[in-house]
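Just so we're aligned: the sequence shown equals residues 802 to 1199 in the numbering used here. Right, one structure below, let's go through it.
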Amino acid sequence: MRRAVFTLLGPRSSTKQLVKSVASLQSRTVSTKVKDEIKRWDVSIPVERASTPPSSWFLDPEIYQLERSAVFAKNWICVGRKDQVAQNGQYFSGMVAGEPYIVVRDGDTLRGFFNVCRHHAAQLTPLCGQGCTDKFVCPYHGWTYALNGRLTKAMRLKGIQDFKAKDFGLKPIQVGELGPLIFINLSEDTVDGVETVFQTPHVRLQEKGYLDLSWVKRVEYPMKCNWKVFVDNYLDGGYHVEYLHPALTSNLDISTYKTTVTDMYSIQEAKGNDQSDKRIGQSSLYIYMYPSVMINKYGPWMDTNMVIPTGANSCTVVYDYFLENEMINNMSDADLQLFITESLKASDQVQQEDNMICESVQTGLESSAYDVGRYAPGVEMADHAFHRTLAKQLQAHV
Ligand code: FES
Ligand SMILES: [Fe+2]
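Here you go:
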């Protein structure tokens, strides 16, 4: 079993926080100061005249808490990969919006549960881990649950009254699959499926062969910036590429950069410059799915980026790299290893450059010299669309 895979939205909460329902999170009282800050961004102002959200959105712990309930507990959040739960009994666990969850393969059915024992609230598995099991046995007093969440065993309950085991199964969470990825949605309401919300990105990625890939490697980057700083960096329509990533610029034809935006996703695409560059290939597709996952398909590669808030001014970005099966099958082991090593090195360089600038931005956001900025309207429309969707969800909550 591997520990510390990732924790969505923050380090381990106290036991009291863990048993809070999503509903109670949603009714959290919001201070007048935060309400005013949230309302400062007017969703009706077009990108040409709009300012960026106030720096408080990237700094204030209360706004970070608000995002848990208004955003991360309401939307489809990417939490892992299908290959992690391919076999019966395979599971992984983590945290989203302060809520511990388990995703498990139960025969043909993929299930999600709150990772909270119905006895005294302990986690059934390590908070962030993965493994394979035929049942979940609570490490505290041994209450045992089947893979479908049913309570099947609870010792020493002689004399208990008004108790029916069938009422004490694990609480379910909505789970969805999109291509090679797994999403969960903590909403207590029935919501549109992840494949409905992200139908167009799914079709575009299918055309690019994302169903015929094998997972290669996971790399995690802890960052000293608010999660939205990383998202903003990703969504600026290639604006930063020629300045921040000079090595990448030579491989991408920036003049072909095209951005399509909607409320829930954006698609950025560009053609490759150097057709001999196997890593980038002829074209690149960069897809952002609100709020916190990106899927990048270029050449034979795909990488996915899960942006995991870990505090108001920190996050971790989890990169999963996939490679086309055709390339894996047609290259010698030695050539393949060399190609993988060099490609991951190039990707790491881009990520290090983005890390550096995101941490620089966070430092600037904390400065008294900065409150709001502006958008370059011809390129930063996806940033504006992201802020608009976020503002709508936050404003509906205060
Ligand atoms: S807390 Fe799980 S059995 Fe007691
Ligand atoms: Fe970048």
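The beta carbon of each residue, even a glycine, is placed where N, CA and C say it ideally should be. Remember, predicted model here, so these are calculated numbers, not experimental data.
* Three-state secondary structure assigned by DSSP to residue 1131 -> In this structure, DSSP gives residue 1131 a helical state, which the three-state scheme calls helix.
* Taking 8 Å as the threshold, find out whether the stretch 998-1011 comes into contact with the stretch 944-952 through three or more Cβ pairs. => Verdict: no, contact absent.
* Asked: For residue 1136, which three-state DSSP category applies?
  -> In this structure, DSSP gives residue 1136 a helical state, which the three-state scheme calls helix.
* Identify whether residue 923 lies in helix, strand or coil by the three-state DSSP scheme. => Reduced to three states, the DSSP call for residue 923 is coil.
* **Any C-beta of chain B under 8 Å from that of residue 1194** => No chain B appears in this structure, which consists of one protein chain only.
* Which of helix, strand or coil DSSP assigns to residue 1049 -> Per DSSP, reduced to three states, the secondary structure at residue 1049 is helical.
* Asked: Any heavy atom of ligand 2 closer than 7 Å to the Cβ of residue 1045?
  -> Distances between the C-beta of residue 1045 and the heavy atoms of ligand 2 include at least one below 7 Å.
* What do you get for residue 964, buried or exposed, if any count of 16 or more other CB atoms within 10 angstroms of its CB means buried? -> Burial check for residue 964: the Cβ neighbour count within 10 Å stays below 16, so the residue is exposed.
* Asked: The beta strand (DSSP E) spanning residue 949 covers which residue range?
  -> Counting along the chain, residue 949 falls outside any beta strand (DSSP E), and DSSP gives it neither H nor E.
* Out of curiosity, what's the CA-to-CA distance linking residue 980 and residue 1197? -> If I take the Cα positions, the gap works out to 31 Å.
* Going by the C-beta, is residue 970 closer than 7 Å to any heavy atom of ligand 1? -> False, no ligand heavy atom lies under 7 Å from that Cβ.
* Secondary structure of residue 989, DSSP reduced to three states -> If DSSP states are grouped into helix, strand and coil, residue 989 belongs with coil.
* Asked: Cα-Cα, which of 856, 902, 1172 and 1130 is closest to residue 928?
  -> Ranked by Cα distance from residue 928, the first of 856, 902, 1172 and 1130 is 902.
* For residue 1098, three-class secondary structure by DSSP -> Note: residue 1098 maps to strand in three-state DSSP.
* Asked: According to DSSP, is residue 999 helix, strand or coil?
  -> Residue 999: coil per DSSP, three-state reduction.
* Looking at C-alpha atoms only, which residue of 1012, 931 and 955 is the closest neighbour of residue 942? -> Measuring from the Cα of residue 942, the nearest candidate turns out to be 955.
* Asked: Who are the near neighbours of residue 1121 in its chain, counting only those whose CB is closer than 7 Å to its CB and skipping five residues on each side?
  -> Closer than 7 Å at Cβ, skipping near neighbours: 882, 1016, 1019, 1104 and 1105.
* **Residues near residue 880 in its chain [Cβ-Cβ closer than 8 Å; skip 5 each side]** => The residues are 809, 893, 895, 897, 902, 904, 983, 984, 985 and 1107.
* **Buried/exposed call for residue 844, threshold 16 Cβ in 10 Å** => Flag for residue 844 reads exposed.
* Is any heavy atom of ligand 1 found at a distance shorter than 7 Å from the C-beta of residue 943? -> Taking the Cβ of residue 943 as the reference point, at least one heavy atom of ligand 1 falls within a distance shorter than 7 Å.
* Roughly how far, in whole angstroms, is the beta-carbon of residue 848 from the beta-carbon of residue 1182, given that I think they are within contact range, below 8 Å? -> Sure, about 6 Å apart at Cβ, within 8 Å.
* Asked: Anyone know if the C-beta pair for residue 1067 and residue 1089 falls short of 8 Å?
  -> In this structure, residue 1089 lies closer than 8 Å to residue 1067 by Cβ.
* **Cβ shell of residue 1177 (< 7 Å), same chain only, five flanking positions each side left out** => Cβ-Cβ distances below 7 Å link residue 1177 to 1040 in the same chain, with the five nearest sequence neighbours on each side left out; the list follows chain order.
* **Assigned secondary structure, residue 1083 (DSSP; H/G/I helix, E/B strand, else coil)** => Here residue 1083 sits in coil by DSSP.
* Asked: Looking at C-alpha atoms only, which residue of 1055, 877, 970 and 967 is the closest neighbour of residue 990?
  -> Nearest C-alpha to residue 990: 877.
* Per DSSP, what kind of secondary structure is residue 1192 in: helix, strand or coil? -> It is helical.
* Asked: Contact check, residue 784 vs residue 871 under 8 Å by CB: the rounded distance?
  -> In the structure as shown, the chain begins at 802 and stops at 1199. Residue 784 is therefore absent and cannot be evaluated.
* Asked: Where do the ends of the alpha helix (DSSP H) carrying residue 928 lie?
  -> In this chain, residue 928 is not harboured by any alpha helix (DSSP H), its DSSP state being neither H nor E.
* Spatial neighbours of residue 1126 in its chain, beta-carbon cut-off 7 Å, leaving aside the 5 residues before and after -> Only 1013, 1014 and 1015 meet the Cβ criterion.
* So does residue 1026 have its beta carbon nearer than 7 Å to some heavy atom of ligand 3? -> The model depicted lacks ligand 3 and carries ligand 1 and ligand 2 instead.
* Asked: With residue 1030 and residue 1173 assumed to form a contact (beta carbons below 8 Å), what rounded beta-carbon distance in angstroms separates them?
  -> The Cβ separation is near 14 Å, so there is no contact.
* To do: May I ask you to report which of helix, strand or coil DSSP gives residue 1016?
  => Looking at residue 1016 - three-state DSSP - the assignment turns out to be strand.
* Asked: Exposed or buried, what is residue 1159 when buried is set at 16 or more other beta-carbons lying within 10 Å of its beta-carbon?
  -> Answer is buried; the Cβ neighbour count reaches 16.
* Which whole-angstrom value describes the C-beta separation of residue 1038 and residue 1058, a residue pair presumed to lie in contact below a C-beta threshold of 8 Å? -> About 6 Å separates the two Cβ atoms, so the contact holds.
* Go ahead and pull the three-state DSSP assignment for residue 913. => Strand.
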